[in-house]
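Protein chains: 2
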Amino acid sequence: MKDSKMKTQLKTIDGSIVAPQGFLASGVFCDIKRLGTGKGSNKGQKRDLALILSEVPATVAGMFTTNQVCAAPVKVCLPRVAQGTAQAIVANSGNANACTGRQGLKDALEMTALAAKEFHLPDEHVLVASTGRIGVTLPMANVRAGIRQAAQWLGSDPQHGDEAAEAIMTSDTKAKQIAVEFRLGGKAVRLGGICKGAGMIQPGMSMTGRRPATRSLHATMLCFITTDATIQRGPLQAALQEAVAQSFNRITVDGDMSTNDTVFILANGLAANPELGTRNSELGTFQIALNHVCLELAKMIVRDGEGVTRFVTVRVTGARTSAGAEAAARAVANSALVKTSWFGGDPNWGRIIDALGYSAATVVEEKVDIGYSTPGSRKMLWSLRRGQPTKATFKQLCAAVAAKEFDLHINLNLGNADALIYAADLTEEYVDFNKGDVSDPGSLGG
Amino acid sequence: MKDSKMKTQLKTIDGSIVAPQGFLASGVFCDIKRLGTGKGSNKGQKRDLALILSEVPATVAGMFTTNQVCAAPVKVCLPRVAQGTAQAIVANSGNANACTGRQGLKDALEMTALAAKEFHLPDEHVLVASTGRIGVTLPMANVRAGIRQAAQWLGSDPQHGDEAAEAIMTSDTKAKQIAVEFRLGGKAVRLGGICKGAGMIQPGMSMTGRRPATRSLHATMLCFITTDATIQRGPLQAALQEAVAQSFNRITVDGDMSTNDTVFILANGLAANPELGTRNSELGTFQIALNHVCLELAKMIVRDGEGVTRFVTVRVTGARTSAGAEAAARAVANSALVKTSWFGGDPNWGRIIDALGYSAATVVEEKVDIGYSTPGSRKMLWSLRRGQPTKATFKQLCAAVAAKEFDLHINLNLGNADALIYAADLTEEYVDFNKGDVSDPGSLGG
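Going line by line, the protein sequences match chains H and P.
Using this note's numbering, you'd call the opening residue of the first sequence number 1 and step up by one each time.
Using this note's numbering, you'd call the opening residue of the second sequence number 447 and step up by one each time.
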């Protein structure tokens with residue numbers, strides 16, 4: 001069966017993480033940033049603490065930042081995910097609990113212990129994640145009150161998913177969520193997810209938090225996925241790795257990899273499909289659904305990146321090696337000059353070929369093709385073929401780059417390796433946002 | 447003799463490239479950008495073509511971009527510098543003559559041939575350099591008229607140096623020039639230089655334009671240095687490599703390495719000092735003078751970078767390897783989030799340690815020191831010691847980062863390797879400038 005055919009069997013549904021059977025969620029405001037206003041009232045304040053609970057123990061898989069400096073919640077969750085079972089996730093925005101030393105570790109552990117106590121779970125079955133400013137210890141009195149409140153407000157209406165999605169937002173302007181339904185072994189199975197992104201976005205996650213021997217570098221992004229599928233731990237981790245490799249690890253907003261990047265998936269088996277194992281032919285269907293959920297969420301992160309006005313899919317083909325293809329795509333996607341030219345709607349192929357030339361990829365000027373297409377269209381507008389400007393007019397090229405979303409095609413014409421990166425432009429709004437306001441330290445992002 | 451003692455023997459003088467005996471220069475406006483206004487009048491238009499001439503043949507050395515995509519003038523000059531003798535340099539701004547194919551090569555060769563004809567020199571004794579937009583062929587009719595005019599206007603008054611310095615500027619807001627006098631073997635020797643920078647600045651030059659096995663990646667920057675010292679070709683090239691390694695290859699504005707980066711030095715011997723060879727004890731004095739000239743010019747490039755408001759010297763110590771020290775310093779110096787926080791005057795050490803963590807350097811969070819000092823002062827303000835925030839107040843740290851120039855000290859405490867990078871902040875003005883104006887293609891930078 002073709003992927004495209006399978007994809008048509010995915011039905012988009014409401015409810016994100018509470019769409020699958022047996023999942024509850026909530027999001028509350030507990031004043032993590034110590035704004036000192038309206039604590040617990042939820043009136044007019046963005047929620048900042050989320051709770052997700054499965055009614056029964058779930059199989060768990062996870063992916064973590066490969067930044068050598070990683071946050072306390074990452075350190076706590078690495079072994080918990082490895083043991084394979086979890087039932088709840090507690091997450092906060094407004095504070096990354098990173099670079100907070102022993103106190104940070106203690107606080108992350110206490111967050112899981114508090115949630116575990118609420119639901120009479122072993123501590124080890126609770127996961128934790130944080131996002132926000134680095135280097136500030138959590139206001140634990142507020143966090144404790146928040147967890148108690150969030151536990152009381154749990155529910156499985158779509159609104160509860162919305163509130164959890166809001167609670168993990170930092171500089172995000174929109175909540176990011178999705179859910180799909182598909183069939184496995186005659187049973188309806190659901191898969192839902194929420195995520196956050198915005199800045200410090202170029203994830204490079206691995207299962208162990210350690211860098212693979214050959215790897216690409218590269219938000220705070222958090223993503224929590226729930227499913228009622230019945231699936232073994234090994235295939236679940238493998239499926240998540242494949243899905244993340246094709247989605248979150250393919251995006252960049254500003255080229256900065258966070259200390260906190262985390263993706264969790266909980267599979268509680270309540271759909272009662274025949275268990276998916278390594279040899280199960282329906283694993284492919286699950287993979288396609290998971291790929292779809294991760295990719296859509298990843299694209300939402302880029303589109304809602306800080307100050308972003310352009311969503312550009314950088315497609316490198318014809319590289320000599322996969323590492324070269326990746327290096328070429330990331331050099332272009334992270335070049336300050338290329339990104340500002342996109343913001344300006346300037347089809348400046350000179351900056352693109354300049355970035356290719358200084359990348360670690362082998363590049364021969366006389367072989368390079370550079371072109372544009374509208375996403376989903378096969379119609380190409382080439383600006384450069386074999387290193388030579390084409391007859392495309394400046395006006396035509398400007399029109400291609402004026403689009404809010406376009407595909408940039410780069411063919412190095414040297415080999416068969418390719419790579420794809422979802423990128424964004426660099427705008428004055430990004431700079432304005434990230435320069436912060438030192439008169440208000442609470443406003444300063446991670 | 448100590449470097450510092452030697453440095454005190456350098457006398458700063460006027461005249462930049464025309465300060466050394468036997469050098470002439472000029473700068474004219476010939477409308478390289480085809481603005482179509484006031485051609486040849488020099489009235490109110492920034493000059494865009496420079497000429498430098500030594501009255502006698504000079505020993506030459508050069509350094510070139512290691513970008514795999516390099517401009518036509520770089521291709522022309524690589525073999526000419528290698529043969530060791532040159533007498534003139536012709537350079538233009540407003541057009542990089544990069545990615546211009548065979549026509550570009552033809553045009554670069556013609557520029558040298560025209561200058562050679564004016565002065566009855568062999569073509570091979572004329573060097574050429576260009577900076578500006580990539581991918582547009584030169585308006586040769588304008589260039590030809592410019593070279594003829596520049597040849598007539600040559601002179602050795604300081605004003606002629608000023609005009610040549612102006613002619614190579616692109617987005618630079620100031621002409622960059624320096625000259626020093628010192629003594630070698632009882633004779634007064636002079637060394638002068640002009641350069642340009644502003645954007646696409648992270649040079650990584652080598653003598654051959656090829657990347658050394660272990661190298662750092664990374665404007666268009668052009669630098670032309672003249673001296674009346676008598677020095678052999680080998681020591682001259684070695685001295686230039688050392689000086690560039692400690693200056694131009696240590697700066698970054700936006701992390702983009704240009705297709706055109708070039709440094710030339712012409713030594714015409716008219717000071718009549720005893721010839722400097724490899725075993726000459728006075729070579730050290732020449733090296734110190736050249737290091738000083740290159741470093742001062744390199745710092746001028748960073749300070750005058752597009753939209754730059756902060757000049758930050760990033761000093762990494764205690765790295766396990768030199769490559770690691772370099773990688774750590776460049777990760778911090780090129781992080782969009784670190785650079786925007788500098789612009790905002792925000793002492794956000796979380797972003798700094800985040801960048802260290804994703805760099806290729808080995809980093810252990812619990813060992814990292816981060817601190818600030820005023821350039822030239824030994825008084826340190828630490829924000830982080832061994833991964834733990836110090837008692838420095840947020841106000842104190844803000845004051846350190848509010849300074850227009852400060853040193854950022856990072857000690858990884860893992861080894862003995864160190865590295866230093868001269869960096870700048872990232873501002874809304876940079877983005878505004880580089881987004882260009884597509885309604886006026888002539889305004890778009892390289």
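By construction, the Cβ of each residue, glycine as well, lies at the ideal position given by its N, Cα and C atoms.
Should residue i be flagged as near chain P, meaning a C-beta pair shorter than 7 Å?
i: Asp-31 (chain H); result: no
i: Cys-77 (chain H); result: no
i: Gly-40 (chain H); result: Only weak support is given to the placement of Gly-40 (chain H): the predicted model assigns it a pLDDT of 49, under 50, and the value that follows is read from those uncertain coordinates. No, because no Cβ of chain P sits closer than 7 Å to the Cβ of Gly-40 (chain H).
i: Met-207 (chain H); result: no
i: Tyr-372 (chain H); result: no
i: Gly-101 (chain H); result: yes
i: Gly-350 (chain H); result: yes
i: Ile-134 (chain H); result: yes
i: Val-431 (chain H); result: yes
i: Asp-254 (chain H); result: yes
i: Ser-443 (chain H); result: Any reading at Ser-443 (chain H) must be qualified, since the residue scores a pLDDT of 42, below 50, and its modelled position is unreliable; no value is offered.
i: Met-200 (chain H); result: yes
i: Glu-428 (chain H); result: yes
i: Ile-13 (chain H); result: no
i: Met-63 (chain H); result: no
i: Thr-137 (chain H); result: no
i: Val-128 (chain H); result: no
i: Glu-365 (chain H); result: yes
Identify, in the order they occur along the chain, each residue of the same chain with its Cβ nearer than 7 Å to the Cβ of residue i, setting aside the five sequence neighbours on each side.
i: Ala-327 (chain H); result: Ser-359, Ala-360, Ala-361
i: Ala-517 (chain P); result: Ala-542, Asn-543, Ala-544, Ser-576, Thr-705, Asn-706
i: Phe-433 (chain H); result: Ser-171, Glu-306, Gly-307
i: Val-690 (chain P); result: Met-509, Met-651, Val-709, Cys-740
i: Arg-749 (chain P); result: Phe-757
Looking only at its own chain, which residues have a Cβ that is under 6 Å from the Cβ of residue i, when we skip the five neighbours before and after it?
i: Leu-337 (chain H); result: Arg-351
i: Ala-25 (chain H); result: Ile-17, Val-18, Ile-52, His-160, Gly-161, Ala-164
i: Ala-329 (chain H); result: Val-314, Val-316, Ala-419, Ile-421
Can you tell which of the options has the C-alpha that lies nearest to the C-alpha of residue i?
i: Ile-258 (chain H); options: H:Arg-315, H:His-409, H:Ser-130; result: In the sequence as presented, Ile is not what sits at residue 258 (chain H); that position holds Ser. Minimum Cα distance to Ser-258 (chain H) is reached at H:Ser-130.
i: Ser-281 (chain H); options: H:Glu-163, H:Ile-231, H:Leu-420, H:Gly-324; result: H:Ile-231
i: Ala-98 (chain H); options: P:Ala-863, P:Arg-480, P:Asn-794; result: P:Asn-794
i: Thr-505 (chain H); options: H:Gly-146, H:Gly-84, H:Glu-429; result: Here chain H covers residues 1 to 446 and nothing more, so residue 505 (chain H) does not appear.
i: Val-536 (chain P); options: P:Met-557, P:Ala-870, P:Arg-824; result: P:Met-557
i: Gly-764 (chain P); options: P:Val-699, P:Val-814, P:Gln-491; result: P:Val-814
i: Gly-305 (chain H); options: H:Val-74, H:Gly-387, H:Met-169, H:Ser-93; result: H:Met-169
i: Thr-374 (chain H); options: H:Glu-428, H:Asp-432, H:Val-312, H:Gly-387; result: H:Val-312
i: Thr-731 (chain P); options: P:Lys-563, P:Val-809, P:Ala-675, P:Asp-792; result: P:Ala-675
i: Gly-638 (chain P); options: P:Gln-549, P:Leu-573, P:Asn-737, P:Ala-644; result: P:Asn-737
i: Gln-87 (chain H); options: H:Leu-356, H:Asp-123, H:Ile-353, H:Arg-144; result: H:Asp-123
i: Ala-402 (chain H); options: H:Thr-340, H:Gly-135, H:Tyr-430; result: H:Thr-340
i: Thr-698 (chain P); options: P:Leu-729, P:Ala-777, P:Leu-456; result: P:Ala-777
Sorted by chain position, which residues of the same chain lie with C-beta nearer than 8 Å to residue i's C-beta, five sequence neighbours on each side aside?
i: Thr-214 (chain H); result: Residue placement at Thr-214 (chain H) is poorly supported in this model, since its pLDDT is 29, which falls under 50; the coordinates still yield a value, given next. Excluding residues within five positions, the ones whose Cβ falls inside 8 Å are Ala-323.
i: Ser-487 (chain P); result: The predicted model places Ser-487 (chain P) with a pLDDT of 48, which falls under 50 and marks its position as unreliable, so this point remains unresolved.
Comparing the C-beta of residue i with each C-beta of chain H, is any distance below 7 Å?
i: Pro-658 (chain P); result: Interpretation of Pro-658 (chain P) is limited by its pLDDT of 45, a score under 50 that renders its predicted location unreliable; the figure taken from the coordinates is listed afterwards. Closer than 7 Å: no.
i: Gly-643 (chain P); result: no
i: Gly-803 (chain P); result: yes
i: Thr-763 (chain P); result: no
i: Phe-789 (chain P); result: yes
i: Glu-752 (chain P); result: no
i: Ser-781 (chain P); result: yes
i: Lys-552 (chain P); result: no
i: Asn-880 (chain P); result: yes
i: Arg-703 (chain P); result: In the sequence on display, residue 703 (chain P) carries Met and not Arg. Yes, its Cβ sits closer than 7 Å to a Cβ of chain H.
Q: Mind listing, in chain order, the continuous alpha helix (DSSP H) runs of no fewer than 4 residues lying wholly within the segment 656 to 720 of chain P?
A: 679 to 691
Q. How do the segment 391 to 399 of chain H and the segment 297 to 315 of chain H stand: do at least 3 beta-carbon pairs fall below 8 Å, yes or no?
A. no
(Q) Give the list of continuous alpha helix (DSSP H) stretches no shorter than 4 residues that lie fully inside the segment 398 to 427 of chain H. (A) none
Q: Would you check if the segment 715 to 724 of chain P and the segment 629 to 638 of chain P touch, i.e. whether three or more CB-CB distances between them fall below 8 Å?
A: Flag = yes, the segment 629 to 638 of chain P and the segment 715 to 724 of chain P touch.
Q) Contact between the segment 234 to 241 of chain H and the segment 408 to 416 of chain H: three or more CB pairs below 8 Å? A) no
Q. Is there contact between the segment 237 to 257 of chain H and the segment 285 to 297 of chain H, where contact requires at least three CB pairs shorter than 8 Å?
A. yes
Q.
Taking contact to mean 3 or more Cβ pairs, one atom from each stretch, closer than 8 Å, check whether the segment 263 to 274 of chain H and the segment 60 to 68 of chain H are in contact.
A. yes
**Q.** Touching by the beta-carbon criterion (3+ pairs, under 8 Å), the segment 10 to 22 of chain H and the segment 170 to 178 of chain H
**A.** Counting Cβ pairs under 8 Å, three or more are found: they touch.
Q.
I'd like the ranges of any beta strand (DSSP E) spanning at least 3 consecutive residues and lying wholly in the segment 36 to 79 of chain H.
A. 49 to 65
Q: Kindly provide the ranges of any alpha helix (DSSP H) runs that are 4 or more residues long and lie completely inside the segment 282 to 340 of chain H, ordered along the chain.
A: 283 to 303, 322 to 334
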